């Protein structure tokens, strides 16, 4: 089997191979600082690990502003997800936990009531109830794994009732200076 390669193609291949060789050999010789976090010394001489994801200074949340559209979108996303939950595609307990953490973070912002006109206690209540729904879902998943059909049916009834109450709570936030919830 004869393979004919033109002289121009041969030169291009040689140039390409040599460029790749030099590029990779140059990368291998570079001195790159270690990415491993080294222990930092403290005032008393002991060492502690530096966690790169932590801010170097405390974050001042007093000047933070929360966009009401973001909150409204979050509420609508949770309501839509709860309303569209199907038997074959249930909400997982980790989803409830993530939504709960989101509303918990809203409740901790100092200007949340001023920015969104919704009481911070309402955000905390939503977060707590989403945690309860996560526990419900965990218990349902465990009952399903253990083939406890009577417990599954009992939990389903209570779960559906609690979801309806949660949807109502989300659709009727407690407005500052107004009626709600």
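Residue numbers (the numbering used here): 64 to 244. C-beta atoms are modelled at their ideal positions from N, C-alpha and C, and glycine is treated no differently. On a predicted model such as this, the values are computed, not experimentally measured, just so you know.
Alpha carbon to alpha carbon, what distance is there between residue j and residue i?
i, j, result
"residue 163", "residue 205", "21 Å"
"residue 238", "residue 142", "18 Å"
"residue 133", "residue 215", "36 Å"
"residue 135", "residue 226", "19 Å"
"residue 150", "residue 219", "10 Å"
"residue 181", "residue 240", "9 Å"
"residue 166", "residue 139", "13 Å"
"residue 217", "residue 202", "11 Å"
"residue 232", "residue 189", "8 Å"
"residue 155", "residue 169", "22 Å"
"residue 187", "residue 126", "21 Å"
"residue 128", "residue 171", "12 Å"
"residue 97", "residue 137", "Since pLDDT at residue 97 reaches only 48, below the 50 mark, its modelled position is unreliable, and no value is offered."
"residue 183", "residue 177", "10 Å"
"residue 145", "residue 191", "16 Å"
Considering only the alpha carbon of each residue, which of the options lies closest to residue i?
i, options, result
"residue 199", "216, 222, 179 and 182", "222"
"residue 153", "131, 228, 236 and 207", "207"
"residue 131", "210, 175 and 228", "175"
"residue 148", "178, 230, 192 and 183", "230"
Three-state secondary structure (DSSP) at residue i?
i, result
"residue 187", "helix"
"residue 171", "helix"
"residue 238", "strand"
**OP:** For the region 144 to 161 and the region 188 to 196, state whether three or more C-beta atom pairs, one from each stretch, are separated by less than 8 Å.
**Re:** yes
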